Amino acid sequence: YMKDPLSSKSGTASDYGKQLIIGRVNAMDQILYQTERYHHSTFGYDIPMSEDGNYVLVLKFCEVYFNSPNMKVFDVVLNGDHTVVTDLDIFERVGRGIAHDEYVPFRVEKGKLIYNEEESDILGGKIRVEFIKGYRDNPKINAIAVIKGTVD
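Residue numbers (this note's numbering): 67 to 218.
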């Protein structure tokens, strides 16, 4: 993991979750789920991607603020064309203070990102992950990892 490249550029960084002990996470990884970036509108990250191969995008989430479902709901889009998570309501999926990871397998081949057999161009050697403002509160992310390989 590396420091959030959006610090002071887009959205708000928060460590509000530090007051919680996050469920389903070992002690070393608590900070990944206790801290977050959110924004009052859509925001995203550009991730360098140079080698062909299979990858898994791991999106780490934890609801640290709300205490009920339907308070924060948003989508995640990969590379501008692929909706990889729809209507994510973290609290509804796992509750408050519990780690939730979304695994997004994709391939890179000859300058193209392939997700569910649909292609999009990789521009400037980077893929984009966007957190789309929904109808309930703000989109957010706790941590992101890109792993070369497959989910298996």
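Where a beta carbon is used, it is the ideal one built from N, C-alpha and C, also for glycine. For clarity, every value in this text was computed on a predicted model and none was experimentally measured.
So phenylalanine 197 packs on isoleucine 213, CB below 8 Å; how close in whole Å?
-> Going by Cβ atoms, the distance from phenylalanine 197 to isoleucine 213 rounds to 20 Å, so no, they are not a contact pair.
Contact under 8 Å by Cβ, valine 160 with leucine 123 = no
Minimum length 3: unbroken beta strand (DSSP E) runs contained in the region 131–162 = 139–144 and 148–154
Can you grab the Cα-Cα spacing for the pair threonine 108 / isoleucine 156, in whole Å?
-> 17 Å
So serine 134 and glutamate 102 are in contact, right, with Cβ under 8 Å, and what is the actual spacing, rounded?
-> In fact, because the Cβ distance is near 18 Å, the residues do not count as touching under 8 Å.
For tyrosine 181, three-class secondary structure by DSSP | strand
Alpha carbon of glutamate 158 to alpha carbon of asparagine 136, nearest angstrom = 7 Å
Span of the alpha helix (DSSP H) around leucine 189 = Careful: leucine 189 lies outside any alpha helix (DSSP H) and carries neither H nor E.
Cβ-based neighbour list, glycine 77, same chain, cut-off 7 Å, excluding 5 preceding and 5 following = Arg103, Tyr104, His105 and Phe109
Neighbourhood of threonine 152 by C-beta distance below 7 Å, restricted to the same chain and skipping five residues each side = Asp141
Locate the beta strand (DSSP E) running through glycine 86, then write down its first and last residues.
-> In the sequence as displayed, the identity of residue 86 is leucine instead of glycine. Note, leucine 86: premise wrong, no beta strand (DSSP E); not H, not E.
Residues near isoleucine 164 by beta carbon distance below 8 Å, same chain, minus five either side | Ile88, Gly89, Arg90, Cys128 and Glu129
Grab me the residues of proline 114's own chain with a C-beta within less than 8 Å of its C-beta, minus the 5 sequence neighbours each way, in chain order.
-> Gly191 and Lys192
Name the DSSP bridge partner or partners of proline 205?
-> Answer is none; proline 205 lacks a bridge partner.
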